[in-house]
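Novice:
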Amino acid sequence: MDSILAFVSPGILSQILVGLSRTVILFIVASGLSLILGVLRIPNVAHGSLYMIGAFMAYTVSHLFGGGTAGFWAALVIAPLGVAAVSFVAERSLFQFLYEREHLMLLLLTFAMSLVFGDLVKLIWGAEYRSVPVPAHFQGYINLFGGLPFPIYSFFLLVMGPVIAVLLWLLTNKTKIGKISRAAAVDREMVGAVGINVSWVFAIVFVIGCLLAGLGGVLVAPTVSVTLGMDHTLIIEAFLIVIIGGLGNVWGALLGALIFGLTQSLGILIWPQFGIVFPYMAVVIVLVFRPTGLLKSTW
Amino acid sequence: MLDVKGIDTYYGLSHILFDVTLKVGAGEVVGLLGRNGAGKSTTMKSIMGIVPPRKGTVTFNGENVTGGKPFMLFRKGIGYVPDDRRVFADLCVDDNLDIVHQRSKEWDKERVYDLFPALREIKARRAGHLSGGEQQMLTIARALMGSPDLLLLDEPTEGLAPLIVRDLEQQISKLRDAGISILLSEQNVRSALKMISRAYVIDNGRIRFEGTVEELEANEEVKKKYLMV
Chain A
21 MDSILAFVSP
31 GILSQILVGL
41 SRTVILFIVA
51 SGLSLILGVL
61 RIPNVAHGSL
71 YMIGAFMAYT
81 VSHLFGGGTA
91 GFWAALVIAP
101 LGVAAVSFVA
111 ERSLFQFLYE
121 REHLMLLLLT
131 FAMSLVFGDL
141 VKLIWGAEYR
151 SVPVPAHFQG
161 YINLFGGLPF
171 PIYSFFLLVM
181 GPVIAVLLWL
191 LTNKTKIGKI
201 SRAAAVDREM
211 VGAVGINVSW
221 VFAIVFVIGC
231 LLAGLGGVLV
241 APTVSVTLGM
251 DHTLIIEAFL
261 IVIIGGLGNV
271 WGALLGALIF
281 GLTQSLGILI
291 WPQFGIVFPY
301 MAVVIVLVFR
311 PTGLLKSTW
Chain B
84 MLDVKGIDTY
94 YGLSHILFDV
104 TLKVGAGEVV
114 GLLGRNGAGK
124 STTMKSIMGI
134 VPPRKGTVTF
144 NGENVTGGKP
154 FMLFRKGIGY
164 VPDDRRVFAD
174 LCVDDNLDIV
184 HQRSKEWDKE
194 RVYDLFPALR
204 EIKARRAGHL
214 SGGEQQMLTI
224 ARALMGSPDL
234 LLLDEPTEGL
244 APLIVRDLEQ
254 QISKLRDAGI
264 SILLSEQNVR
274 SALKMISRAY
284 VIDNGRIRFE
294 GTVEELEANE
304 EVKKKYLMV
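Sequence order for the protein chains is A and B.
To convert a position in the first sequence, counted from 1, into my numbering, add 20.
To convert a position in the second sequence, counted from 1, into my numbering, add 83.
Rendered as structure tokens:
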């Protein structure tokens, strides 16, 4: 393992790994957005709000459970389910009536929803910064490749990424609801004409997509300060990731998140003042050559 | 079994069907014949609730199902095979059949594959990669998975090679023998006449003729005017 460090400087390697752990968050949130975009055809601007709500719920749950290690694990389970419940109510009461509307209307409506969610969060949690502690056994550093200190929590994120990706693959390819949703993404009318209640399929897919947003919010919570407005930057990034990956393609979301996360972390290394520009440049370059995204879009 | 009474159907502002009335009895294969654009597909879609009629009623097995959601109509026992096939291209043949709502065990994958042995051999292949004839078999197989009492077959032989058309005619006859009622729309009158016992001729959204196959064969005027035979 020493050999890797001989070729790449430890600084670059650790920057890449940090970039990858950021990629995991982006992938989890963007894959949910992509799922909803592919199956329901809703460009859900309020997706970022559910990520933010997930982070705030993580704060509340972890404090209810004493703020320590138990609090974190409880939050990891309960907060995404809480977000799923919120999204279920939103879908049944509002979104289900809008699937046939044109996309501009949906953009405006979901943008309005994001403002409503933002104000609700302000009402419930207030405008202060909140923080979720890193659980005790994830604090500190481990030595990767025999001498590269790397935050354990980031390492945990690196493990979660593939786990979620495999679960998503199983969901879309091996379960009946996954197969139905793939069929509905292409021809929802015909899915109805073989006896499937498409409305409930959409509700389930919407809730799963939002649950992923919530999960992303919970996972990011210990690494950032949980605050109002954390939804805005993320939703833009998530949309760009989904667009460069191919609309509705979950693997595109993975690829897009990798490109976005890595260019961001390496950009900081190359040109610190302008590091934030690099992922956007990558997006432009991808779209110049592949206007419909890197992988097959379902649109 | 199926009783359509005086339905009027619109696409947006355009009036497509005018006072269409037709009946399909139990175990009967009834033809809905007419030229391209005559209103055959719209009639099918109106019955299935995909384009709900604005006037008139659709009664199925004694129950008024007018304007019901397509998935409810399927669960009541109406199978729909659209003219443009619409297989679920991303899924393999097996999955196309697996996701269908099964309302009884009467038809399952084994029985469907026995009817279409060619499909069994390609069951792992993606539906989007199948030939036209295979896709047509798959759409019929898919509708059968719901154990329908009535099949709406919209131009099943359209665009298929003569040899495949002949196979399909035999399979449709087998379905009739299995006791499934069929409403079969066709431009290809010669092919349709082999399978049906009664026919409706539709033109410009209106039913122009109804009668038995013999009556239709004898009526040169209707054949010339509406069917181009």
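Every residue gets a Cβ at the ideal spot worked out from N, C-alpha and C, and that includes glycine.
Check whether the region 180-191 of chain B touches the region 208-227 of chain B, counting contact only when three or more Cβ pairs, one atom from each stretch, lie closer than 8 Å.
Specialist: Yes: the two stretches touch, three or more of their Cβ pairs being nearer than 8 Å.
Novice: For chain B, find out if any of its Cβ atoms is closer than 9 Å to the Cβ of lysine 196 (chain A); answer yes or no.
Specialist: It does; some Cβ of chain B falls within 9 Å.
Novice: Have a look at A:Phe298, A:Leu254 and A:Phe108 and flag the residue whose alpha-carbon is nearest the alpha-carbon of valine 49 (chain A).
Specialist: Ranking the options by Cα distance to valine 49 (chain A), first place goes to A:Leu254.
Novice: Indicate the three-state DSSP secondary structure (helix, strand or coil) for alanine 205 (chain A) in the structure shown.
Specialist: Looking at alanine 205 (chain A) - three-state DSSP - the assignment turns out to be helix.
Novice: Does the beta carbon of glycine 272 (chain A) come closer than 9 Å to any beta carbon on chain C?
Specialist: In summary, chain C is missing from the structure at hand, where the protein chains are A and B.
Novice: At a CB-CB cut-off below 7 Å, which residues of chain A make contact with histidine 184 (chain B)?
Specialist: Per Cβ cutoff of 7 Å: Val214, Gly215 and Ile216.
Novice: Please tell me whether arginine 61 (chain A) has its Cβ less than 9 Å away from any Cβ of chain B.
Specialist: No, no contact with chain B.
Novice: Compute the Euclidean distance between the alpha carbons of arginine 169 (chain B) and valine 106 (chain A), then round it to the nearest angstrom.
Specialist: Those two C-alpha atoms are separated by around 35 Å.
Novice: Can you grab the Cα-Cα spacing for the pair glycine 181 (chain A) / leucine 286 (chain A), in whole Å?
Specialist: The alpha-carbon atoms of glycine 181 (chain A) and leucine 286 (chain A) are separated by roughly 20 Å.
Novice: Got a sec: is the Cβ-Cβ distance from leucine 213 (chain B) to anything in chain A below 9 Å?
Specialist: With 9 Å as the cut-off, leucine 213 (chain B) does not count as an interface residue toward chain A.
Novice: Any beta carbon of chain B sitting closer than 9 Å to that of glutamate 111 (chain A)?
Specialist: No, no contact with chain B.
Novice: Taking serine 229 (chain B) as the query, report the chain A residues whose CB atoms sit under 8 Å from its CB, ordered along the chain.
Specialist: In the sequence under discussion, the amino acid at residue 229 (chain B) is glycine, which differs from the serine named in the question. Per Cβ cutoff of 8 Å: Val214 and Gly215.
Novice: Considering only DSSP beta bridges, list what leucine 168 (chain A) is partnered with.
Specialist: Its beta-bridge partners are A:Leu164.
Novice: Can you pull the chain A residues whose beta carbon is under 7 Å from the beta carbon of isoleucine 133 (chain B), in chain order?
Specialist: The contacting residues are Glu209 and Ala213.
Novice: Which residues does DSSP pair with cysteine 175 (chain B) in a beta bridge?
Specialist: B:Arg209, per the DSSP bridge assignment.
Novice: Determine, using beta carbons only, whether alanine 226 (chain B) comes closer than 9 Å to chain A.
Specialist: Yes, because at least one Cβ of chain A sits closer than 9 Å to the Cβ of alanine 226 (chain B).
Novice: Using CA coordinates, which residue listed in B:Lys88, B:Phe101 and B:Leu96 is at the minimum distance from arginine 289 (chain B)?
Specialist: Taking only the C-alpha atoms, the option nearest arginine 289 (chain B) is B:Phe101.
Novice: Identify whether phenylalanine 226 (chain A) lies in helix, strand or coil by the three-state DSSP scheme.
Specialist: In this structure, phenylalanine 226 (chain A) counts as helix in the three-state DSSP scheme.
Novice: In the DSSP assignment, find the alpha helix (DSSP H) that holds glycine 216 (chain B) and state where it starts and stops.
Specialist: Run containing glycine 216 (chain B): 215-227, per the alpha helix (DSSP H) assignment.
Novice: Note the first and the last residue of the continuous alpha helix (DSSP H) segment covering leucine 322 (chain B).
Specialist: With chain B covering 84 to 312 only, the question about residue 322 (chain B) has no answer from this structure.
Novice: Pull up the distance between the alpha-carbon of leucine 233 (chain B) and that of valine 97 (chain A), whole angstroms please.
Specialist: Going by the C-alpha atoms only, they are around 48 Å apart.
Novice: If you drop the 5 nearest sequence neighbours on each side, which residues of the same chain put their C-beta closer than 6 Å to that of valine 152 (chain A)?
Specialist: The answer, listed in chain order, is Ala78, Tyr79, Ser82, Ala241 and Pro242.
Novice: For the region 189-211 of chain B, enumerate the residues whose C-beta is nearer than 7 Å to any C-beta of chain A, in chain order.
Specialist: Cβ contacts with chain A come from no residue of the region 189-211 of chain B.
Novice: Expressed to the nearest angstrom, what Euclidean distance is found between the alpha-carbon atoms of arginine 310 (chain A) and alanine 207 (chain B)?
Specialist: C-alpha separation (whole angstroms): 31 Å.
Novice: Starting from the C-beta of valine 141 (chain B), find all residues in its chain whose C-beta is less than 6 Å away, skip the five residues before and the five after it, and write them out in chain order.
Specialist: Counting only Cβ-Cβ distances below 6 Å, and skipping sequence neighbours, we find Val87, Ile130, Val148 and Thr149.
Novice: Is the beta carbon of arginine 118 (chain B) sitting closer than 9 Å to the one on leucine 310 (chain B)?
Specialist: Taking 9 Å as the Cβ cut-off, arginine 118 (chain B) and leucine 310 (chain B) qualify as a contacting pair.
Novice: Taking phenylalanine 92 (chain A) as the reference, give the member of A:Ile305, A:Leu248 and A:Val238 with the closest Cα.
Specialist: Per the Cα distances, A:Val238.
Novice: Less than 9 Å between the beta carbons of alanine 205 (chain A) and glycine 58 (chain A), yes or no?
Specialist: Yes.
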